[in-house]
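**Student:** Starting off with a structure, shown below.
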Amino acid sequence: MARRRKQSGLSRLLGDISPTGLLLHPATLFIAFNVALAVTAIYTWDRYQDKIVDPKLSVLSAEKIEVNTPPAWTKTNIKEAILTSTGESKSLLDPTLIADAVATCQSIGWIEEVQRMEKTRDGLKVDLRYREPIAVVELDSKTVPGWKQKPKLVPVDRTGVIMPESLALNGSAQPKIFIHHWDASQNRAPQHLRHIYRWTAWPDPRVKGAAAISEILFRDWQAFGLSRIISFRQIKDADDGTIPFELWTDQGENAATVVWGNPPGSELENEAPFEQKVVALQAYVQKHGPLNKLSERVIDLRSGQAIQVGRASGLGYRRSFEVR
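Here our numbering is used: the first residue of the sequence shown is 1376, the next is one more, and so on.
Here it is as structure tokens:
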């Protein structure tokens, strides 16, 4: 005699219920009721929302958009950009409003990041992170062999994104990034120098690394008496962490040099994190004074301590700003 097949608990349960019983089962009816309720609610809202809520109250206007204050130099009106992005009036009831507003803000070059976007009882609240010209890249005959144009300072933000040249400041307010722009494999300057496009990332990791260092030193830059962030890495050695970034004062008799090391997050195994370096440099300046007022010296921060490791005899290369 054939062995009877063993049924699971669910199979035994369903086996005792007819198709009609299944359709009329309380659980089935409960699910069907909720689905019907949801469909009815959506249909009713789409068809009668203008009668349920006064459309005038839901129309988005500039007065209903709250945006954290942008930098004074910006020109784009963010509120106006959000309101006119699709050419149609905006409604707070539109489920695509947030996505459209985020996309609009992301298309504006001087906005680095949309940190928060939400609807509120009063309208739309927007919290943005704005790009800041954190350093300038030096382009002249000393950094680009054969440079024929006028010397140029190209501002970049903390991530190395190129900003308008009008944001370059005179003096030492912004760190200057001094690197050798020469492609030895092609025996020419890199092609990207021919077309420097605003709001695009500078295609050189040395610039990105120097900009990251600039970000953490920017607030104290002038108080430290510094002028430039130097990298002696060549294009082929752009990621070589054994060649440290240096911080320079202006050229001349008073020419203190700080050996910084690598950009934040790229430190070597035995290299101190940037927080320790900043604290050590602050303590050194507090004790000895601004670096541009000191006699020639070399200060190494890579251990997390400000250690003086050299004097004038090692700084001759600085007077002409020639790349070693």
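Even for Gly, the Cβ is constructed at its ideal location relative to N, Cα and C. Because the structure is a prediction, the values reported are computed rather than measured.
Helix, strand or coil for Leu1568, going by three-state DSSP, please let me know.
**Tutor:** Leu1568: helix per DSSP, three-state reduction.
**Student:** Which residue spans inside the stretch 1635–1697 form an unbroken alpha helix (DSSP H) run of at least 4?
**Tutor:** If we require 4 residues or more, the alpha helix (DSSP H) runs fully inside the stretch 1635–1697 come out as 1649–1663.
**Student:** Roughly how far, in whole angstroms, is the beta-carbon of Arg1504 from the beta-carbon of Gln1481, given that I think they are within contact range, below 8 Å?
**Tutor:** Not confirmed; about 12 Å, so no contact.
**Student:** Do three or more CB pairs link the stretch 1528–1536 to the stretch 1464–1474 at distances below 8 Å?
**Tutor:** Because the criterion of three Cβ pairs below 8 Å is not met, the stretch 1528–1536 and the stretch 1464–1474 do not touch.
**Student:** On the three-state DSSP scale, how would you describe Ser1464?
**Tutor:** Three-state result, Ser1464: coil.
**Student:** Rank Pro1539, Gln1549, His1556 and Leu1499 by C-alpha distance to the C-alpha of Trp1522 and give the top, closest one.
**Tutor:** Of the candidates Pro1539, Gln1549, His1556 and Leu1499, the one whose C-alpha sits nearest the C-alpha of Trp1522 is His1556.
**Student:** Which of helix, strand or coil does DSSP assign to Trp1577?
**Tutor:** Coil, per DSSP.
**Student:** Tell me which residue opens and which closes the beta strand (DSSP E) that Val1512 is part of.
**Tutor:** From DSSP, the beta strand (DSSP E) with Val1512 extends over Ala1510 to Leu1514.
**Student:** Please state the DSSP three-state secondary structure of Lys1439.
**Tutor:** Correct three-state label for Lys1439: helix.
**Student:** With distance defined between alpha-carbon atoms, name the residue in Asp1675, Lys1551 and Asn1637 nearest to Ala1655.
**Tutor:** Comparing Cα positions, the closest option is Asp1675.
**Student:** Taking just the CA atoms, how far does Ile1457 sit from Arg1699?
**Tutor:** Only weak support exists for where Arg1699 lies, its pLDDT of 44 falling under 50; the value from the coordinates is given anyway. Taking the straight line joining both Cα atoms gives about 51 Å.
**Student:** What is the rounded straight-line gap between the Cα of Leu1643 and the Cα of Asp1614?
**Tutor:** Cα to Cα, Leu1643 sits roughly 12 Å from Asp1614.
**Student:** Taking its Cβ as the centre, do 16 or more other Cβ atoms sit within 10 Å of Asp1502, making it buried, or is it exposed?
**Tutor:** Asp1502 should be labelled exposed.
**Student:** With DSSP as the reference, please indicate the residues paired to Val1536 in a beta bridge.
**Tutor:** Beta-bridge pairing links Val1536 to Ala1576.
**Student:** Below 8 Å, how does it come out for the stretch 1561–1572 and the stretch 1629–1643: are there three or more Cβ pairs, yes or no?
**Tutor:** Too few Cβ pairs lie closer than 8 Å, so no.
**Student:** Does the separation of the CB atoms of Ser1460 and Val1434 fall below 8 Å?
**Tutor:** No, they are not a contact pair.
**Student:** Between which two residues does the beta strand (DSSP E) harbouring Lys1494 extend?
**Tutor:** Where Lys1494 is concerned, the enclosing beta strand (DSSP E) stretches over Ile1486 to Lys1494.
**Student:** Let me know the secondary structure DSSP gives Asp1558 once reduced to three states.
**Tutor:** It is a strand residue.
**Student:** Write down the C-beta distance between Arg1700 and Pro1619 rounded to the nearest angstrom, noting that I regard them as a contact closer than 8 Å.
**Tutor:** The shown model of the chain, from 1376 to 1699, leaves out residue 1700, and the question about it has no answer.
**Student:** Terminal residues of the continuous beta strand (DSSP E) containing Ile1605?
**Tutor:** Run containing Ile1605: Arg1603 to Ser1606, per the beta strand (DSSP E) assignment.
**Student:** What whole-angstrom Cβ distance do Ile1610 and Asp1558 have, given they're in contact under 8 Å?
**Tutor:** Going by Cβ atoms, the distance from Ile1610 to Asp1558 rounds to 5 Å, so yes, they are a contact pair.
**Student:** If we count the other Cβ atoms within 10 Å of its Cβ and call it buried at 16 or more, is Glu1438 buried or exposed?
**Tutor:** Under this definition Glu1438 is an exposed residue.
**Student:** In terms of DSSP beta bridges, what is Val1529 paired with?
**Tutor:** Val1512.
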